[in-house]
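Asker: Let me begin by handing over the structure; questions about it come next.
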Amino acid sequence: MNTVDEHTEHGHHAHGAEEPHIPKDSYFIKVALWLALLTALETSTYWIHLGGFATPALLIMMTIKFFMIIMIFMHLKFDNKLFSLMFYIGLGLAIFVYCVALSTFQFFAS
Amino acid sequence: MADIAVHESVTSHDDHGPAAHGSITGISNNKLAMWLFLGSECLLFGGLISTYMLYRGRHGSGVGPAQLFDIPLTSVSSFVLLMSSLTMVLAVNAAKRKDDRNTNLWLAVTGLLGALFVGAQVYEFTAFYHEGVGFTTSLFSSSFFTLTGFHGVHVSIGVIMLLAMVAIISRNKVAGDKAEAVEMIGLYWHFVDVVWVVIFTLVYLIPA
């Protein structure tokens, strides 16, 4: 099976099969700190008015947080690509279907 | 003989657990099914979020999102849920190390943080109700309560699963691969967190 990294936490090779590289606890703590920082920045837009820049900035920060969680915390970055495919099919279909639905109701025109 | 010995050495360290060996793909069917389920959940929450986006301005002359939402409270509860994702991933790592004590500790902390989040949501709903915003007050309120209520139910189910897993591990009665069972709950929990990341931005922070 495809793995991102052949080296495991235990320091031996995966022989190209089955064993994804899962980082140590300290790595996840660092990621959580970045996520907390992004959340603080998002929340600050409630008090600091950024005008027309606020919505794009919030959407960018939301997207970064979204992918940090699914790629790192949910191990998609380290795991078999088939799992990514299963999830991205659902996510892509949802985004497509509901963007079409919102367009039908002229949501983006308002 | 040497080949057999190497093969046994590899499989004994297999992170996908015994469940992966019986599948055609060589990966765990349980894990594949969980990812497929989470993909389908994107469609459920996509529908609820889209409906809210359409109706968020439909509150007539009544109370709307700008007057109603308590952003400081929601920010704190968002932070709590985000940190529960960290404790969950620590539980999964501990389970992979076969460290039952820390697995149970982090699972319990995750459940506690999840319960705190649900408590904050109940408080928020009660405050809204006292301000005269109920489920049937307006299209805005109906779509808001449906979306956040569905998410709250997902978190509550997650808390129940976490506490059940703590009890099962404590009694050493996990059927099959323990690390994989914890990882399945972890995937569900992180998904619930990632949905809240989207809801917090689109519903609470981006002005209507």
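Line order of the protein sequences matches chains R and L.
First residue of the first sequence: 662, per our numbering; consecutive thereafter.
First residue of the second sequence: 242, per our numbering; consecutive thereafter.
Even for Gly, the Cβ is constructed at its ideal location relative to N, Cα and C.
Starting from R:ALA697, find everything on chain L with Cβ-Cβ shorter than 8 Å and list it in chain order.
Answerer: PHE320, LEU323, MET324
Asker: If contacts are defined as beta-carbon pairs under 8 Å, then L:GLU372 and L:VAL321 qualify, I think. What distance do you get, rounded to the angstrom?
Answerer: The Cβ separation is near 23 Å, so there is no contact.
Asker: For L:LEU295 and R:PHE766, what's the separation of their Cα atoms in angstroms?
Answerer: 8 Å
Asker: Give me the residue from L:ARG338, L:GLY360, L:LEU327 with the minimum Cα distance to L:VAL435.
Answerer: L:LEU327
Asker: Which parts of the stretch 344–430 of chain L are runs of the alpha helix (DSSP H), unbroken and 4 residues or longer, counting only runs that do not cross its ends?
Answerer: 380–411
Asker: Would you verify that the beta carbon of R:ALA755 is, or is not, closer than 8 Å to some beta carbon of chain L?
Answerer: yes
Asker: Using three-state DSSP, classify L:GLY287 as helix, strand or coil.
Answerer: helix
Asker: Alpha carbon to alpha carbon, how far is L:THR377 from L:ALA420?
Answerer: Taking C-alpha positions only, L:THR377 is separated from L:ALA420 by approximately 44 Å.
Asker: Note down, in chain order, every chain R residue with its Cβ under 8 Å from the Cβ of L:MET294.
Answerer: Within 8 Å Cβ-Cβ: LEU763, PHE768.
Asker: Pull up the CB-CB distance for L:THR351 and L:LEU403, whole angstroms please, since I reckon it's below 8 Å.
Answerer: Rounded, the Cβ-Cβ distance is 6 Å, consistent with contact.
Asker: At which residues does the alpha helix (DSSP H) containing R:GLY751 begin and terminate?
Answerer: Looking at the DSSP string, the run of the alpha helix (DSSP H) that includes R:GLY751 is 742–765.
Asker: Would L:LEU327 count as contacting chain R if we go by Cβ distances under 8 Å?
Answerer: yes
Asker: By Cβ distance below 7 Å, which residues in the same chain neighbour L:PHE391 in space, the five residues on each side in sequence not counted?
Answerer: LEU289
Asker: R:ALA718 lies in the alpha helix (DSSP H); which residues open and close that run?
Answerer: 715–729
Asker: Would you mind giving the Cβ-Cβ distance between L:TRP347 and L:ALA332, rounded to the nearest angstrom? I have them listed as a contact below 8 Å.
Answerer: 4 Å
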